[in-house]
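Residue numbers (our numbering), protein chains in the order written: chain H, 382 to 547; chain P, 103 to 642.
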Amino acid sequence: MAGEKTVRLRPPANRMNRRAVTWWRVQCLLTAAVPVGVLVVLAAFIEPARRWLLVAAGALALLGLAGTAFFPAWWYRVHRWEVTDEAVYVRTGALWQEWRIAPMSRIQTVDTMRGPLEQAFRLATVTVTTASARGEIRIQGLDHETAADLAEQLTRITQATPGDAT
Amino acid sequence: MNAPAPDAGGHGAPAPAPTPVPGPAPRSGAGCGPAPHGDGWRRLDPRTVWVTGLVMTGVAGGAALPVFFGLAGVLPLWQAAALVLAGGVLVVAAAVAADYVRWRRTRYRIGPERAELHTGLLLIKRRSLARERIRSVDLTANVLQRVFGLVKVRIGTGEQTGTGESTLELDPVPKAEGERLRRELIAGAPCAESAEHHRDGLLAALDPGWIRYAPVSFVAPVLGGAAVGAVMQVSEWFGLQGEVVEWTRDRFRTTPVALTVAVLALAALVAGVVGALAFWVEMWWGYRLEREPGGALRVRRGLLTSRSISIEERRLRGVDLVEPLGVRLFGAGRLDAVATGLVREDDHKHAGHQALLPAVPAATAHEVAARVLKESSTPTGTPLTVHPPAARTRRLRRALTGVLAPAALFAALGVRVDPVLLSVAAGWTAVGVPLAALLARDAYRNLGHGLSGAYLVARSGTMRRSTVALQRSGVIGWTVRQSYFQRRAGLITLTATTAAGAGGYDVHDADESEGLCFAAAATPGVLDPFLRPAQEKEPG
């Protein structure tokens, strides 16, 4: 092993599902669309401030579009996950990257969640919790079948691992 | 990298139980197991109705006074008095009746397997805890309850379900019954363990000299402000607020403004200091920290409200030496327990429940920490790895930005609006920059992490410096964070997640490679599969 040499964390093995990019893009668009819509409606009703409101709406829309074009692709490159027999390992984030590791023996619950938008893209999120209030791990953007298999596999391994997880 | 742990504490990944007493306790020997008593249900102490009545009388009396003065302005005096009196009686009677019903409908039973509590009028709540899961039994008694010889008992398991499902509250039972419950549920259980040759009995007791750290705590300015606020509030109830202000202005008619401000601030400060001293006495009077034969830590303290907090050793994952700035300047710090299952839902109680030691001289704090952890020398005192200079640069930059951004704003406004703001900006910068630099340097110096036997030690903070010693076997995962700027500086922030205390403890801005090696060494086998030499270029 590395010994005195410098080490770093290797990226987890698996990427998210490709559809996750589209899912993130839709989310970004919706998030941007709400304030833009409000501003446009206000502009339609408030005569004197119309120009400024429209300018603000345009700027926001531009920002939203830029974010939509930029961030999901970046997230796709960064977000990765891996489940070994010993641990769950996830990397997320873009500007602030985050690696989370939870050993199997410490996992308490495994949840699968599918929001309305996720259902439309046949995606699912697997949430793994430990006894720590800050130890939650979320694997987003999995194909829903992969997610179901993963949840089942995790449940099986954690049940087979002894210990009270604290 | 993959070297075995230097000694006990982390043997392989699954090492959940830190003390050698997992599972249900052996019931060996007489006088250790619980005294058998009828499996019948018990009731709370009926005197609770009296206590409630008295408390409500006090509350109603306090509320009645401003109401009476308010009404007296509109109604004839006798009418106002009659109205207020009738209202007060009604409130007290309702409270007493409600408490009586609660008492009638509440039953508890400590069986051989489970502790059970049934309560509620329409919606009957049945709560039951497995006895082997019970980790804490806390007793508190306020002044009135003490007069009546009652205590409130809180029985908790180590779980953090968050919704309060895991605690039973018996409010109140007779004092002797409370003691019996505590002994039976906590200390009575694991007898077999007392073979260890560690110091039992008294670990620390109150030294009245410690009160000297009370005025420098953050409590003092808060109470000072509260005192001023209270004067204003009470005078407003009586419609005299204007007169109070007027009176104050009269006193200072002839003195210059600066002196007036200074005198008023001093008065508030004195009030704050007196308040802090009184608060300290109430909190810590009669303080004793003991290890009981069964291996539970017990803190007893309180002048008016007496509190007894028991932490079973199985729950203890380490200690946290907390040094708030004011207290730290005088070379002192307090000790908190890092334990699982501390009541999380009500934060004000949470703070009180984990305190093991008030602010004391640092040497004493280290000594007590060593005794609590049963170590010959405390992990909180070990020399720590210093963080790279890049961490200092980050702190300096952050502190200076915090000072210079408002200064720039003031300066810009000064140019555009009013030149007076320019001098404000200059003054702000002149005072703020040295202060920020000082604090940033202090923050950097306080950073550190290391391993000490079975413990992982992490230190950080200026305003509240915290040195946490966490059992390595109590670490249940790692979170590694790196912002864009940290990536460029080669730093990472590590969080050791744990079931105890705050849920996770941070090592801020450690060197990337050294920090990862530290984490890997702290919990052998957890991180190693995900590390690799840095020479390879990371794809993507």
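Beta carbons: idealized from backbone N, C-alpha and C, even for Gly.
key: Where the alpha helix (DSSP H) containing P/Glu271 begins and where it ends   = Looking at the DSSP string, P/Glu271 is not in any alpha helix (DSSP H); the run it does join, the beta strand (DSSP E), is Thr269 to Pro276.
query = Applying a beta-carbon distance threshold of less than 7 Å, which residues of chain H neighbour P/Tyr202?
reply = Near P/Tyr202 there are no residues of chain H at all, since even the closest Cβ is about 39 Å away, more than 7 Å.
request  = Identify each residue in the segment 571-584 of chain P for which the Cβ-Cβ distance to at least one residue of chain H is less than 7 Å, and report them in chain order.
outcome  = Ile578, Gly579, Trp580, Thr581, Val582, Arg583 and Gln584
task = Check each residue of the segment 472-496 of chain H: if its Cβ is closer than 7 Å to any Cβ of chain P, include it; give the result in chain order.
result = Taking 7 Å as the Cβ-Cβ cut-off against chain P, the residues of the segment 472-496 of chain H that qualify are Leu476, Trp477, Gln478, Glu479, Trp480, Arg481, Ile482, Ala483, Pro484, Ser486 and Arg487.
message = Quick check on H/Ala383 - is its C-beta less than 8 Å from some C-beta in chain P?
response = Confidence at H/Ala383 is low in this model, with a pLDDT of 40, below 50, so the placement of that residue should be treated as unreliable; the coordinate-derived value is given next. Yes, H/Ala383 lies at the interface with chain P (some Cβ there is under 8 Å from its Cβ).
ask   = Once you ignore the five residues that flank P/Ala329 on each side, which residues in its own chain have a CB closer than 6 Å to its CB?
value = Ala373
request  = Scan the segment 624-636 of chain P for residues whose Cβ lies nearer than 9 Å to a Cβ of chain H and list them as they occur along the chain.
outcome  = Thr625, Gly627, Val628, Leu629, Asp630, Pro631, Phe632, Leu633, Arg634, Pro635 and Ala636
ask   = Mind checking if P/Ala439 is an interface residue toward chain H, Cβ cutoff 8 Å exclusive?
value = no
request  = Go to H/Asp524, then tell me how far its beta strand (DSSP E) extends in each direction, as first and last residue.
outcome  = Ile518 to Asp524
task = Could you have a look at P/Arg542 and say whether DSSP puts it in helix, strand or coil?
result = Note that residue 542 of chain P is Ala in the sequence shown here, rather than Arg. Helix.
ask   = Do H/Val402 and H/Ala437 have their C-beta atoms within less than 8 Å of each other?
value = no
request  = Use the C-beta contact count for P/Trp386: other C-beta atoms within 10 angstroms, 16 or more gives buried, fewer gives exposed.
outcome  = buried
key: Cβ neighbour criterion (16 or more within 10 Å) applied to P/Ala127   = With a pLDDT of only 37 at P/Ala127, under 50, the local geometry of the prediction cannot be trusted, and no value is derived from it.
task = Would you verify that the beta carbon of H/Gly516 is, or is not, closer than 8 Å to some beta carbon of chain P?
result = yes
task = Under 8 Å by Cβ, that's how I've got H/Arg488 and H/Val471 pegged, so tell me the actual separation to the nearest angstrom.
result = Going by the sequence as given, residue 488 of chain H is Ile instead of Arg. Between H/Val471 and H/Ile488 the Cβ distance is about 13 Å, and since that is not below 8 Å, they are no contact.
query = Which same chain residues, not among the five before or five after P/Val198, have their C-beta less than 8 Å away from its C-beta?
reply = Non-local C-beta neighbours of P/Val198 in its own chain, meaning closer than 8 Å and more than five positions away in sequence, comprise Val151, Thr154, Gly155 and Met158, ordered along the chain.
query = Do you know how far the Cα of P/Arg216 is from the Cα of P/Arg706?
reply = Nothing about residue 706 of chain P can be read from this structure; chain P reaches only from 103 to 642.
task = Give a yes or no on whether 8 Å exceeds the smallest Cβ distance from H/Arg402 to chain P.
result = In the sequence as presented, Arg is not what sits at residue 402 of chain H; that position holds Val. Not closer than 8 Å to any Cβ of chain P, the Cβ of H/Val402 fails to qualify, so no.
request  = Starting from the Cα of H/Ala529, find the closest Cα among H/Leu420, H/Ala505 and H/Tyr457 and give me that residue.
outcome  = Checked all of H/Leu420, H/Ala505 and H/Tyr457; the closest Cα to H/Ala529 is H/Ala505.
inquiry  = Using a 10 Å radius around the Cβ and a threshold of 16 neighbouring Cβ atoms, would you call P/Gln335 buried or exposed?
reply    = Taking all protein chains in view, the Cβ of P/Gln335 is surrounded by fewer than 16 other Cβ atoms within 10 Å, so the residue is classified as exposed.
key: Cβ shell of P/His113 (< 6 Å), same chain only, five flanking positions each side left out   = Caution is warranted here: a pLDDT of 39 is assigned to P/His113, below 50, making its placement in the model unreliable, and no coordinate value can be reported.
ask   = In three-state terms, what does DSSP make of P/Pro626?
value = coil
query = Can you tell which of P/Ala598, P/Ser562 and P/Arg547 has its C-alpha closest to the C-alpha of P/Leu572?
reply = P/Ala598
query = What did DSSP end up calling P/Met385 once you bin it into helix, strand or coil?
reply = helix
key: Proximity test, Cβ basis, 8 Å: H/Ala512 and chain P   = Closer than 8 Å to some Cβ of chain P, the Cβ of H/Ala512 qualifies, so yes.
request  = Please check if any C-beta of chain H sits within less than 8 Å of the C-beta of P/Glu295.
outcome  = Unreliable positioning characterises P/Glu295 in this predicted model, as indicated by a pLDDT of 43, which lies under 50. A coordinate reading is not provided.
query = Under 8 Å, do P/Ile257 and P/Leu287 count as touching if we go by C-beta distance?
reply = Closer than 8 Å, so yes.
request  = Within the same chain, show all residues whose beta-carbon is closer than 6 Å to that of P/Asp240, passing over the 5 residues directly before and after it, in chain order.
outcome  = Arg256 and Ile411
inquiry  = Output needed for P/Asn548: all residues of its chain with C-beta closer than 8 Å, excluding positions within five of it in sequence on either side, in chain order.
reply    = Arg561, Ser562, Gly563, Thr564 and Arg567
message = Which residue wins for smallest C-alpha separation from P/Ala434, given the options P/Val519, P/Leu423, P/Arg235 and P/Val609?
response = P/Leu423
ask   = Any beta-carbon of chain H closer than 8 Å to the one on P/Gly552?
value = Using a Cβ-Cβ cut-off of 8 Å, P/Gly552 does not count as an interface residue toward chain H, since no Cβ of chain H sits closer than that to its own.
request  = Could you list the residues in the segment 603-619 of chain P with a C-beta less than 8 Å from some C-beta on chain H, going in chain order?
outcome  = Ala604, Gly605, Gly606, Glu614, Ser615, Leu618 and Cys619
ask   = Residues in its own chain within less than 7 Å of P/Val186 by CB, not counting five upstream and five downstream?
value = Ala166, Val169, Phe170 and Leu173
key: H/Arg537 at chain P interface by Cβ criterion, 8 Å   = no
request  = Identify whether P/His468 lies in helix, strand or coil by the three-state DSSP scheme.
outcome  = helix
task = Would you kindly work out how many angstroms separate the C-alpha atoms of H/His460 and P/Ala493, rounded to a whole number?
result = 27 Å
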